[in-house]
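Shown next, in structure tokens, is the structure this report addresses.
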Amino acid sequence: MAKNIDLPEYVELKSVIENRDDLRFSIATSEFFEVIQNSNLRPEKKLDIYDLISKLSNCHQQERLKYLKKIGKYIK
């Protein structure tokens, strides 16, 4: 697991996606993005995660879990 990743934000984002809570989605995504930004992950990993967050934010609701699972592989 990556150091300094605050997993509660990841869990919150997953919960928001699973519950299809569009009102909380952008807030949860922003909070998770900030956690990644402030982490000590290698820059190339951060860029990969930023790309996945962008895809997650711009895809149809039904595809969001697919991108979240890919992000999870980077932080676990």
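Under my numbering, the first residue of the sequence shown carries the number 103, and numbering increases by one thereafter.
Using N, Cα and C, we set each Cβ at its ideal position, and we do this for glycine too.
Here the structure is a predicted model, which is why all the values come from computation and not from measurement.
Rounded to the nearest angstrom, how far is the Cβ of residue i from that of residue j, given a contact under 8 Å?
i, j, result
"Leu115", "Ala130", "4 Å"
Measuring CB to CB, does residue i end up less than 8 Å from residue j?
i, j, result
"Ile151", "Tyr176", "yes"
"Ile119", "Leu170", "yes"
"Glu165", "Phe134", "no"
"Arg122", "Gln163", "yes"
What's the gap between the Cα of residue i and the Cα of residue j?
i, j, result
"Lys168", "Ser117", "14 Å"
"Leu143", "Gly174", "13 Å"
"Asp124", "Lys178", "26 Å"
"Ala104", "Ser132", "Here Ala104 scores only 46 on pLDDT, less than 50, and its place in the model should not be relied on; the value that follows carries that caveat. Going by the C-alpha atoms only, they are around 19 Å apart."
"Lys157", "Glu146", "17 Å"
"Asp153", "Ser141", "16 Å"
"Ser128", "Asn160", "11 Å"
Does the Cβ of residue i have 16 or more other Cβ atoms within 10 Å, making it buried, or fewer, making it exposed?
i, result
"Leu190", "Outside the modelled stretch of the chain, which goes from 103 to 178, sits residue 190, for which no answer is possible."
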